[in-house]
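Heads up: the structure comes next, in structure tokens.
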Amino acid sequence: MSWKGLTHFLAYGLGAGLVPFAPGTVGSLLGVALFRAMASLRAVYYSAITLAMGVAGVFICGQTARDLVLRDPGSIVWDEIVGYLVAMFRLPSDWRWISGGFVLYRLFDIWKPYPMSLIEDGLEIGVAIMADDIVAGIYAGALLHLLHWRMRS
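For the sequence shown, this note's numbering gives the first residue as 100, with consecutive numbering after it.
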């Protein structure tokens, strides 16, 4: 496999983004699987892996979008995977939190409430592709952490 082929394969979420229906949702499900694999890691390792994936995503997604001559192709789902990992940082790994995180993350990613809707403007293509999904993850994660805190008090 060539370097370009590997880059595209990763950007497509190991092929998940190539499904003909709801590729972002399918890519986010890959994020769920990765979260399950990473849930027992110490926060510092979870953060380091998520950060590395985010930084790599700027290149991976940007290069793939440039090769496709598209601004933010729906088939690129690496950003959804990273966004979901951001949303789930330091949250319980039982099915209620995983599914709640999935639903909230997808809602914020699709809805793009203000000021999230302005984030992509003027950014380099790879940064723009990653940024809105990371912010969707931050929004979903903040709401989930608030709910988690409220349930514990």
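From the three backbone atoms N, C-alpha and C, an ideal C-beta is built for every residue, glycine too.
Query                                                                                                                                                               : Result
What residue from TRP102, HIS247 and GLY236 has the CA that sits closest to GLN162's CA?                                                                            : TRP102
Check each candidate in TYR204, VAL143 and TRP177 and name the one with the smallest Cα separation from ALA227.                                                     : TRP177
Excluding five sequence neighbours on each side, which residues of the same chain lie with their C-beta closer than 7 Å to the C-beta of LYS211?                    : ASP231
At the level of alpha carbons, what is the spacing between ASP220 and LEU167?                                                                                       : 20 Å
With distance defined between alpha-carbon atoms, name the residue in GLY240, MET250 and ILE197 nearest to LEU133.                                                  : ILE197
One question on the structure: do ARG195 and THR124 come within less than 8 Å of each other, judged by their Cβ atoms?                                              : no
From the DSSP output, in three-state form, read off ASP208 for me.                                                                                                  : helix
Under a Cβ-count criterion, where at least 16 other Cβ atoms within 10 Å of its own Cβ denotes burial, should SER252 be classed as buried or exposed?               : exposed
For GLY225, which residues from the same chain have a beta carbon less than 8 Å from its beta carbon, with the 5 sequence-adjacent residues on both sides left out? : GLY156, VAL157, PHE158, ILE159, CYS160, GLY161, GLN162 and ALA164
For TYR213, name the three-state secondary structure that DSSP assigns.                                                                                             : coil
In terms of alpha-carbon separation, which member of ILE233, GLY116 and TRP248 lies closest to ALA186?                                                              : ILE233
Determine the extent of the alpha helix (DSSP H) in which GLY182 is found, giving its start and end residues.                                                       : 177-186
Considering only C-alpha positions, which residue in the set VAL202, ILE175 and GLY240 is nearest to GLY116?                                                        : ILE175
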